[in-house]
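Protein chains in written order, with numbering that gives the first Met the number 0: chain A, 0 to 590; chain B, 0 to 341.
Every residue, glycine too, gets a C-beta built ideally from N, C-alpha and C.
Read through the structure below, which is laid out as structure tokens, and then see the notes.
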Amino acid sequence: MSPLLTVEDLTIGFRNSPAPVVNGVSFSVDQGETLALVGESGSGKTLSCRALLRILPRSATISSGEMILNGRAGGIDLATLSERRMRGVRGNFVSMIFQEPMRSLSPLHRIGNQVVEVLHLHQTISKSAARQLVLDTFDRVGFPDPERAYDAYPFEMSGGMRQRAMIAMAIVSKPDILIADEPTTALDVTTQAQVLGLIKEVQREIGMAVILVTHDLGVVANMAEKVVVMHRGRVMESGTAQAVLTGPAHPYTQKLFAAAPAIPAETQPAPPMPETDLILDIKSVTKTYTTRAGVPWKADVHVQACRNVDLKLPRGKTLAIVGESGSGKTTCARIALGAERPDDGGEVIFSPDPAQKPIIVNRMPKAERFAFQRKAQMVFQDPYSSLSPRMRVIDALCEPLEIHGIGNRSERRDRTVEMLRTVGLNPDMLNRYPHAFSGGQRQRLSIARALTLDPALIVCDEPTSALDVSVQEQILNLLEDIQEKSNLSYLFISHDLAVVARIADEVAVMRSGLIVEQAPPETLFHNPQHPYTKALLAAQPLPDIARPINLKLVAQGAGAPDSWPDRFRFDDMSVPTLAEVEPGHKVRCNV
Amino acid sequence: MNILKYTIYRTMTMLLTLLVVSVMIFAIINLPPGDYLSNQIAELRATGQAEGVAKAEFLRQEYALDRPLWEQYLIWVGFAPGPNGFSGLLQGDFGWSFEFDQPVSDIVGDALWLTVLVNLAAILFVYMVALPLGVVAAARSKSWVDYSAAFVGYLGLATPNFLLALMLFYYGHKYLGLPIGGLMDPQFEGEPMSWPKVKSILIHLIVPTFVIGTSGAAAMMQRLRANLLDELGKPYVETARAKGLSPARMLTKYPLRMAFNPFVADIGNLLPAMVSGSVLVSVVLGLQTIGPALLAALKSQDQFLAGFVLMFVAFLTLVGTMISDLLLMLLDPRIRYGGRDQ
Numbered sequence: 000m001s002p003l004l005t006v007e008d009l010t011i012g013f014r015n016s017p018a019p020v021v022n023g024v025s026f027s028v029d030q031g032e033t034l035a036l037v038g039e040s041g042s043g044k045t046l047s048c049r050a051l052l053r054i055l056p057r058s059a060t061i062s063s064g065e066m067i068l069n070g071r072a073g074g075i076d077l078a079t080l081s082e083r084r085m086r087g088v089r090g091n092f093v094s095m096i097f098q099e100p101m102r103s104l105s106p107l108h109r110i111g112n113q114v115v116e117v118l119h120l121h122q123t124i125s126k127s128a129a130r131q132l133v134l135d136t137f138d139r140v141g142f143p144d145p146e147r148a149y150d151a152y153p154f155e156m157s158g159g160m161r162q163r164a165m166i167a168m169a170i171v172s173k174p175d176i177l178i179a180d181e182p183t184t185a186l187d188v189t190t191q192a193q194v195l196g197l198i199k200e201v202q203r204e205i206g207m208a209v210i211l212v213t214h215d216l217g218v219v220a221n222m223a224e225k226v227v228v229m230h231r232g233r234v235m236e237s238g239t240a241q242a243v244l245t246g247p248a249h250p251y252t253q254k255l256f257a258a259a260p261a262i263p264a265e266t267q268p269a270p271p272m273p274e275t276d277l278i279l280d281i282k283s284v285t286k287t288y289t290t291r292a293g294v295p296w297k298a299d300v301h302v303q304a305c306r307n308v309d310l311k312l313p314r315g316k317t318l319a320i321v322g323e324s325g326s327g328k329t330t331c332a333r334i335a336l337g338a339e340r341p342d343d344g345g346e347v348i349f350s351p352d353p354a355q356k357p358i359i360v361n362r363m364p365k366a367e368r369f370a371f372q373r374k375a376q377m378v379f380q381d382p383y384s385s386l387s388p389r390m391r392v393i394d395a396l397c398e399p400l401e402i403h404g405i406g407n408r409s410e411r412r413d414r415t416v417e418m419l420r421t422v423g424l425n426p427d428m429l430n431r432y433p434h435a436f437s438g439g440q441r442q443r444l445s446i447a448r449a450l451t452l453d454p455a456l457i458v459c460d461e462p463t464s465a466l467d468v469s470v471q472e473q474i475l476n477l478l479e480d481i482q483e484k485s486n487l488s489y490l491f492i493s494h495d496l497a498v499v500a501r502i503a504d505e506v507a508v509m510r511s512g513l514i515v516e517q518a519p520p521e522t523l524f525h526n527p528q529h530p531y532t533k534a535l536l537a538a539q540p541l542p543d544i545a546r547p548i549n550l551k552l553v554a555q556g557a558g559a560p561d562s563w564p565d566r567f568r569f570d571d572m573s574v575p576t577l578a579e580v581e582p583g584h585k586v587r588c589n590v
Numbered sequence: 000m001n002i003l004k005y006t007i008y009r010t011m012t013m014l015l016t017l018l019v020v021s022v023m024i025f026a027i028i029n030l031p032p033g034d035y036l037s038n039q040i041a042e043l044r045a046t047g048q049a050e051g052v053a054k055a056e057f058l059r060q061e062y063a064l065d066r067p068l069w070e071q072y073l074i075w076v077g078f079a080p081g082p083n084g085f086s087g088l089l090q091g092d093f094g095w096s097f098e099f100d101q102p103v104s105d106i107v108g109d110a111l112w113l114t115v116l117v118n119l120a121a122i123l124f125v126y127m128v129a130l131p132l133g134v135v136a137a138a139r140s141k142s143w144v145d146y147s148a149a150f151v152g153y154l155g156l157a158t159p160n161f162l163l164a165l166m167l168f169y170y171g172h173k174y175l176g177l178p179i180g181g182l183m184d185p186q187f188e189g190e191p192m193s194w195p196k197v198k199s200i201l202i203h204l205i206v207p208t209f210v211i212g213t214s215g216a217a218a219m220m221q222r223l224r225a226n227l228l229d230e231l232g233k234p235y236v237e238t239a240r241a242k243g244l245s246p247a248r249m250l251t252k253y254p255l256r257m258a259f260n261p262f263v264a265d266i267g268n269l270l271p272a273m274v275s276g277s278v279l280v281s282v283v284l285g286l287q288t289i290g291p292a293l294l295a296a297l298k299s300q301d302q303f304l305a306g307f308v309l310m311f312v313a314f315l316t317l318v319g320t321m322i323s324d325l326l327l328m329l330l331d332p333r334i335r336y337g338g339r340d341q
């Protein structure tokens, strides 16, 4: 029997550019099977899967190849099908879910309306029958109240719920193939685990094939039966997931695996971090944000972004704050840098030099703030928007020195050259603009900019989450090298435990503004105590077929705090203390 | 959020704002030294026409212009009794126009609905031209349709309105026999409404509508095109395509809805522009709208007429913003439920 979908020698090129961006790609999928298209940005994986639906950007064209779809469609070539008949394929035989659930649904139309549309487009079905079918599908994808979801607008839902709505939209007409383009990249790790689990279940039920586009080898190990590794528009390696994941043959695949961060399987508890010679001491910091209601008959809304946070960062060490969106980790970082003032009672003490009087960050006079900024710098998440596109590299890197009046023109230039060397860039690039650099190079520039003032502390806010794995690896290495060389201290904000496992000396896990567990990473991975930490660990997709995601543990810890076992529960009023269960290992629980 | 509750709340704040605006308008109009009548009296005395002075003095007393400014204000609005008891804006007495020697309501009454008519025609013209052209230009961006629409649009933007008016009058009269100037044939002025009068007004409207509308249409078309192009690049459009929607359905159901918001928000500016926007054009075209009257009133310190027109424009502005806010609430659920607990 021929496979459900056979892609043969697919080549896609852009108008105005001679070199094809997808070059002779071939793969096939059988019914009920999951194929993973793996690759880094620019590998052509997304274009390849969009070509299946022929929803390519306007300037891209399929220049050769065929894509034969069997199954219900009965042997048609998607590459040459007329646009009109192609519309009958989209959403009907082949459907797709996208990376950004936040933006992939129209904000102005009710969820039910957007989903039921698919049925009316492709089937003759009565209104009430269609509605019922959609409600059943909503129930299937895990909406607790399908009727309510039907009438809800996307902005009323969390990211995970929206992605469930997208899945409902994609499966409501029971397609033969579901294309999932990085379906969980924009989601929190526990939500990712649940959504991946859902896709798998639904696939088993409907018997559809799934083409999963991803950059994450961990996701591949958890989902795929077949793997196609792409690089610069070509297939590097393909085969069963078992074969590719356990014994990657192509050097590129091997490189990818080497770069993928992982939580170590076996760890021994580490000694606690010393608490002497602190460079940063955050003492019982709480931050309340107030949203004004805007109309007189409503009360203002107060949100506590972080509550009673105590963190100590010894000189030359790395303290990581880990948490999902809304956990308060970024607020902590901003408070540590004096960008945000904590509520009364909290205190942030910064001592860049043990010989001098420490700075009280939360009430610095202007002059002191100026001096403070020399010693504490930040590296941002998105290297694409954190560098001004209108400033040359040399201007961007000299600016901090100019602001602080350090050196003359040539000295500043020398300093910039030195910084570029430090971060592994060629000083020839000084006169270029940021657009001429790749994501990883831009992040190096960001780091260089933070380093020019010779700071003692750098706050890294998710510095690698916008980067490809292999680049992430390089940036982490760079950060470690610099730390070793100049005894820098890092406050490292991340959502990724595997990244933290590499770089941190101590990890604080945050949830709903509270630190729920705190320990050196080895101790934390060896003996996680808190249900939420356990859920985070269980949800982390690892590039190892033998260690799949444990959905049960995820479900136990990822929910609201009142679904946790009694001794861990907290609400707005009562919060258990952060108790030390073993040396250097604190857990928020009633002992 | 409860729309009714919100409407009431907005109406209350609107009234408060109007009060503040009335103070400011009155203050600004009275900023230059003297008033229409004292200027006139001074002029009459200088030319030795004593009999006119008595009449002017009488009017000054009749309209309380001899009292302190704050008292004048209270009388004007209708909070305090004037020489003839309570008769201010609140009581529906808009005062006397010294320049035209008529009650303000008489001058304004006729001009007002002609103004609204001219500008409404222009706005309809703007929407009818700009909407389809903007959508087509965005859907077929960087094609000949787009380029020619943009060319015509920029031509409309770049040509001064009055120049366009003069050209259209000349060629419209020469080739199509269109009338020049005015809003109706002279014999209908002051006549009750009749079928030939309506016809005459409609024919006279053609050139003004076109003149006032072109630049607006060009600007709106470009904005709609830009908005729509922005929306077309968003992921939800891709989702809609991946469902199998036809391009036309997809375009009208999703991105067009989104691209509309700025235009609804614009209604707030449209209403006052209906009165004050076409002053220059009205003067050039000789239209009997309220614009020229306002201009004359401001120049000669005809304070009751100027004050009323300005109050009216302020009122329209506030009503306009309120309408657009309410419409936005109806159109965009994110605004409607902005305060709903999640």
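{"Asked": "Please report the distance separating the alpha-carbon of P448 of chain A from that of E410 of chain A.", "Found": "According to the sequence provided, residue 448 of chain A is Arg. The question's Pro does not apply to it. Going by the C-alpha atoms only, they are around 15 angstroms apart."}
{"Asked": "From Y146 of chain B to S140 of chain B, what distance separates their C-alpha atoms?", "Found": "8 angstroms"}
{"Asked": "Can you tell me which residues form a DSSP beta bridge with E346 of chain A?", "Found": "A:K282"}
{"Asked": "Using a Cβ cut-off of 9 angstroms, pull out every chain B residue sitting near N650 of chain A, in sequence order please.", "Found": "Beyond the ends of chain A as shown, which are 0 and 590, falls residue 650 of chain A; an answer cannot be given."}
{"Asked": "To the nearest angstrom, how far is it from the Cα of N1 of chain B to the Cα of A148 of chain A?", "Found": "21 angstroms"}
{"Asked": "Name the chain A residues that come within less than 7 angstroms of S245 of chain B, Cβ to Cβ?", "Found": "R86"}
{"Asked": "Could you please tell me which residues of the stretch 95-109 of chain A, in chain order, have their CB closer than 7 angstroms to any CB of chain B?", "Found": "M95, F97, E99, R102, S103, L104, S105, P106, L107"}
{"Asked": "Which residues bound the beta strand (DSSP E) around M235 of chain A?", "Found": "233-239"}
{"Asked": "Taking C-beta pairs closer than 7 angstroms, name the residues in chain A that V261 of chain B reaches, listed in chain order.", "Found": "For the sequence presented, residue 261 of chain B should be read as Pro rather than Val. Within chain A, no residue comes near P261 of chain B; the closest Cβ sits about 14 angstroms away, beyond 7 angstroms."}
{"Asked": "Could you tell me the distance, in whole angstroms, from the CA atom of R339 of chain B to the CA atom of S62 of chain A?", "Found": "In this predicted model, R339 of chain B has a pLDDT of only 43, less than 50, meaning its place in the structure is not dependable; the value taken from the coordinates is given anyway. Taking the straight line from one Cα to the other gives about 51 angstroms."}
{"Asked": "For T463 of chain A, report the span of its beta strand (DSSP E) as first-last.", "Found": "That residue, T463 of chain A, is in no beta strand (DSSP E); it is neither H nor E in DSSP."}
{"Asked": "What residue ranges within the stretch 26-61 of chain B form continuous alpha helix (DSSP H) runs of no fewer than 4 residues, ordered along the chain?", "Found": "35-46, 49-61"}
{"Asked": "Kindly identify the DSSP beta-bridge partner or partners of V128 of chain B.", "Found": "Beta-bridge pairing links V128 of chain B to no other residue."}
{"Asked": "Identify the contact partners of N595 of chain A in chain B, using a Cβ-Cβ distance below 7 angstroms as the criterion.", "Found": "Nothing in the structure corresponds to residue 595 of chain A, since chain A is present only between 0 and 590."}
{"Asked": "Provide the residue span of the beta strand (DSSP E) that contains E360 of chain B, from first to last.", "Found": "With chain B covering only 0 through 341, there is no way to say anything about residue 360 of chain B."}
{"Asked": "Taking Cβ-Cβ distances shorter than 7 angstroms, what residues in chain B pair up with S52 of chain A?", "Found": "Residue identity check: residue 52 of chain A is Leu in the sequence provided, not Ser. Result: A241."}
{"Asked": "Thinking C-beta only, is M257 of chain B closer than 8 angstroms to L88 of chain B?", "Found": "no"}
{"Asked": "Would you call the stretch 307-326 of chain A and the stretch 494-508 of chain A touching, i.e. three or more CB-CB distances under 8 angstroms?", "Found": "yes"}
{"Asked": "Helix or strand or just coil, what does DSSP make of V468 of chain A?", "Found": "helix"}
{"Asked": "In its own chain, which residues sit with a C-beta less than 7 angstroms from the C-beta of N221 of chain A, not counting the 5 before and 5 after it?", "Found": "L195, P540, P547, I548"}
{"Asked": "Report the residue from B:A110, B:S245, B:L293 whose alpha carbon sits nearest the alpha carbon of G87 of chain A.", "Found": "B:S245"}
{"Asked": "Taking only the alpha-carbon atoms, compute the straight-line gap between I544 of chain A and S384 of chain A and give it to the nearest angstrom.", "Found": "37 angstroms"}
{"Asked": "Using a Cβ-Cβ cutoff of less than 6 angstroms, which residues in the same chain neighbour I322 of chain B once the five nearest sequence positions on both sides are dropped?", "Found": "I266"}
{"Asked": "When the Cβ atoms of the stretch 53-69 of chain A are set against those of the stretch 5-12 of chain A, are three or more pairs found closer than 8 angstroms?", "Found": "yes"}
{"Asked": "With a threshold of 7 angstroms on Cβ separation, who are the neighbours of Q341 of chain B within its own chain once the five nearest residues in sequence on each side are excluded?", "Found": "Reliability fails at Q341 of chain B, whose pLDDT of 34 lies under 50, so the model's placement of it is uncertain and the value that follows must be treated cautiously. Closer than 7 angstroms at Cβ, skipping near neighbours: no residue."}
{"Asked": "Given 7 angstroms as the limit, tell me if R314 of chain A has its C-beta closer than that to any heavy atom belonging to the ligand PLP.", "Found": "The ligand content of the structure shown is nil, which means the ligand PLP is not present either."}
{"Asked": "Output, in sequence order along the chain, the residues in the stretch 371-405 of chain A whose CB is closer than 9 angstroms to any CB in chain B.", "Found": "none"}
{"Asked": "On a Cα-Cα basis, can you pick out the residue from A:E32, A:A192, A:L80, A:A269 that is closest to G558 of chain A?", "Found": "A:A192"}
{"Asked": "List, from N- to C-terminal side, the beta strand (DSSP E) runs of 3 residues or more that fit wholly inside the stretch 172-218 of chain A.", "Found": "176-180, 208-213"}
{"Asked": "Within a Cβ cutoff of 8 angstroms, which residues of the same chain sit near T189 of chain A, ignoring the five residues on either side of it in sequence?", "Found": "E323, A534, L535, A538, V553, G556, A557"}
{"Asked": "Since M249 of chain B meets chain A, which of its residues come closer than 8 angstroms, beta carbon to beta carbon?", "Found": "Result: empty, since nearest Cβ-Cβ is about 10 angstroms, beyond 8 angstroms."}
{"Asked": "When you check each C-beta in the stretch 150-168 of chain A against every C-beta of chain B, which residues fall closer than 7 angstroms?", "Found": "Y152, F154, E155"}
{"Asked": "Which first and last residues belong to the alpha helix (DSSP H) in which H108 of chain A is found?", "Found": "Note, H108 of chain A: premise wrong, no alpha helix (DSSP H); not H, not E."}
{"Asked": "Does the distance from the C-beta atom of L132 of chain B to that of A313 of chain B stay below 8 angstroms?", "Found": "no"}
{"Asked": "Give me the chain A residues within the contact set of T10 of chain B, using Cβ-Cβ distance strictly less than 9 angstroms, ordered along the chain.", "Found": "The premise fails here: T10 of chain B is roughly 13 angstroms from chain A at the closest Cβ pair, so nothing lies under 9 angstroms."}
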